[in-house]
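In my numbering, the protein residues as written are 974 to 1348. Below is one structure, written out as structure tokens; the observations come after it.
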């Protein structure tokens, strides 16, 4: 995949995981429809898929052919498919819904004078970004690059609409931060990013903060990614904690957001506070979330000095071979730390090398590189 597309996809993939709604004129102009839309978004992110489907069906009856309906139906199904990513039938349905949303948004934009329709633009961008993410999961690089190219022009226009639609602050914030941060992580990309509009990390973080406070429908998502960046990219777990705690409390049923809060608690050396979340994850009916719980239990055991238990838990995660690369990367880091404490340099180096291959995050990569440089 061309390097330009690779960097663009990194930006789109992070954005597309959660953000999928903005203010739509036809919906927000009707108080009842706007209330239904807000309710549907809350239900999706609080892991209430059946209730969300019913709300979206009712919204579709009063707003037929609006692209946000299929878009949110796709996102609702996405959160049933992710993070396991093994149900092909669900994946095919998600793709079909996103294609419908994309075509409807394009038609809407074409009918708008001067193609100036931020609501349709946001819907189209979101659908294309999530399609790119699905293609990346499937290792369909050319398809992912095509969707990324389709979405990129709308990133550049986000600044035009931020005051009217605060949700666009999240898109701009992620772009401004990652446009500069990613080449720092991978210096090789510095030779090609000149073709993309320059970013600003500090501005990006501020924009995410604004989005977390002012967005119509993306407050929780913007806060989640601000916390994620502070933890995994800036390596500031204490700064990330209150932000991730707030998102976890907003959506108590959302195991993904709660797992991220537990991740920050462990990174901040507050393992006791993570235990209730770990217990919830381990008791989940979803096998992938149980693996998150098993991994976090291994990290907890390592902090408690229980090397055998930590090694056993992390090894079990690797044997399960989940599709989530962050799970695999962290399991390798746990095993590398265990090997370090046991004075076993060779396996520690091997585990850290694997972690670098699996993770983009400086929180893990810097630790691994520091050990490899000194041993």
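Here a beta-carbon is modelled for each residue, glycine too, at the ideal position from N, C-alpha and C. Every value quoted in this text rests on a predicted model; they were computed, and no experiment measured them.
Going by beta-carbon coordinates alone, are residue i and residue j separated by less than 7 Å?
i	j	result
residue 1184	residue 1142	yes
residue 1140	residue 1188	yes
residue 1172	residue 1157	no
residue 1262	residue 1228	yes
residue 1264	residue 1311	no
residue 1132	residue 1177	no
residue 1276	residue 1249	no
residue 973	residue 1043	Summary: the structure shown does not reach residue 973, with the chain confined to residues 974 through 1348, and so no result is reported for it.
residue 1094	residue 1127	yes
residue 1013	residue 1025	yes
residue 1074	residue 1100	yes
Start and end of the alpha helix (DSSP H) containing residue i?
i	result
residue 1220	1210–1223
residue 1278	Premise fails: residue 1278 is in no alpha helix (DSSP H) and is neither H nor E.
residue 1172	Looking at the DSSP string, residue 1172 is not in any alpha helix (DSSP H), and its letter there is neither H nor E.
residue 1026	1022–1035
residue 1040	1040–1054
residue 1015	1004–1018
residue 1309	1298–1314
residue 1236	1228–1240
If you reduce the DSSP assignment to three classes, tell me which class residue i lands in.
i	result
residue 1189	coil
residue 1120	helix
residue 1130	coil
residue 1067	helix
residue 1347	helix
residue 1112	coil
residue 1334	coil
residue 1286	helix
residue 1138	coil
residue 1339	helix
residue 1253	helix
With 16 other CB atoms within 10 Å as the buried threshold, where does residue i fall?
i	result
residue 1038	exposed
residue 1108	buried
residue 1046	buried
residue 1005	exposed
residue 1059	exposed
residue 1338	buried
residue 1160	exposed
residue 1327	buried
residue 1205	buried
residue 1211	exposed
residue 1294	exposed
residue 1284	buried
residue 1049	buried
Exercise. Would you check if the region 1159–1170 and the region 1188–1195 touch, i.e. whether three or more CB-CB distances between them fall below 8 Å?
Key: no
Touching by the beta-carbon criterion (3+ pairs, under 8 Å), the region 1292–1303 and the region 1317–1324: no
Count the C-beta pairs between the region 1075–1082 and the region 1027–1044 that are closer than 8 Å, then say yes if the count reaches three, no if not.
yes
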